[in-house]
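Reviewing the structure listed below.
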Amino acid sequence: DVVMTQSPLSLPVTLGQPASMSCRSSQSLVYSGGYTDLHWYQQRPGQSPRRLIYRVSNRDSGVPDRFSGSGSGTDFTLKISRVEAEDVGVYYCMQGVHWPPYTFGQGTNLEI
Amino acid sequence: EVQLLESGGGLVQPGGSLRLSCAASGFTFSTYDMNWVRQAPGKGLEWVSLIDLGGSNTYYADSVQGRFTISRDDSENTLYLQMNSLRAEDTAVYYCAKGRWLDDWGPGTLVTVSS
């Protein structure tokens, strides 16, 4: 199975400051056609997960533009340009290329 | 608006069975693959199973293969997960999620396996 490794596991941030988290896969996530099925999910405290970014860098509807995704191959990053209080929660990356199974990272806990 | 609502969770003894349901609305259910994903207390996310649109193909995590069965009823816009031979390690919140890329998620239903 493809192993997804996120870092850091805990990310203390200051409101209004930028934040960045990493996700690395044990195999390349590029498949035929040049697509990369790497997605990011946000789980706020007490809530179910919500997808933020699909295919590396595409923001879902309603996701603020302070969130951005980048990367290629095995190395991916989620950035928040200016952290707001509502961004607190755990962020997971997930690969959808080498499945089954889909695999998630351990999560990065963003805390103020 | 997409809505997914899981039900059927509860307390069950080890070795027991439970059937989860996920009622879908706000989209054309029959045209989407559907998934179950679980989260043990205080832990991360674990993909459990996928059923493709039409229900012809099903896929499972090794941890549940042979014990869980995913199915769907497109006439009722409902996704199911039949869970047999339950173990303590199956204790988790179970979420249904829409689409190959887990576009939308329900609020989840808690399954507790304990004597």
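Line by line, the protein sequences give chains B and X.
Going by the numbering used here, the final residue of the first sequence carries number 236, and the count climbs one at a time with no gaps.
Going by the numbering used here, the final residue of the second sequence carries number 251, and the count climbs one at a time with no gaps.
Backbone N, C-alpha and C define an ideal beta-carbon position, used for all residues, glycine too.
These figures come from a predicted structure and were not determined experimentally.
Chain-ordered chain B contacts of residue i [CB-CB under 7 Å]
i	result
G242/X	S172
Proximal residues of chain B, C-beta to C-beta of residue i below 9 Å
i	result
D239/X	R175, Y178, D184
W123/X	The question about residue 123/X has no answer here: the residues shown for chain X are numbered 137 through 251.
G180/X	V214, Y216, F228, G229, Q230, G231
CB contact check: residue i to chain B, cutoff 8 Å
i	result
Y230/X	no
A160/X	no
G145/X	no
Y168/X	no
A197/X	yes
Exposure of residue i, with buried meaning 16 or more beta-carbon neighbours within 10 Å
i	result
L139/B	exposed
A228/X	buried
A143/B	buried
T245/X	buried
L176/B	buried
I236/B	exposed
P225/B	buried
Q149/X	exposed
Q103/X	Since the displayed chain X opens at 137 and closes at 251, residue 103/X lies outside it and no answer follows.
R208/X	buried
L234/B	buried
G170/B	exposed
P173/B	buried
Interface residues of chain B facing residue i [CB-CB closer than 8 Å]
i	result
R236/X	G220
Practice task
Count the C-beta pairs between the region 145 to 158 of chain B and the region 125 to 132 of chain B that are closer than 8 Å, then say yes if the count reaches three, no if not.
Solution key: Under the three-pair Cβ rule at 8 Å, the region 145 to 158 of chain B counts as touching the region 125 to 132 of chain B.
Problem - the region 210 to 218 of chain B touching the region 163 to 174 of chain B, judged by at least three CB pairs closer than 8 Å - result: Touching, per the Cβ criterion.
Problem - Residues of the region 209 to 227 of chain X whose Cβ lies closer than 9 Å to any Cβ of chain B, in chain order - result: none
Practice task
Examine the Cβ distances between the region 184 to 198 of chain B and the region 141 to 151 of chain X and report whether three or more of them are shorter than 8 Å.
Solution key: no
Practice task
Please confirm if the region 200 to 216 of chain B is in contact with the region 186 to 199 of chain X, defined as three or more CB-CB distances below 8 Å between the two stretches.
Solution key: no
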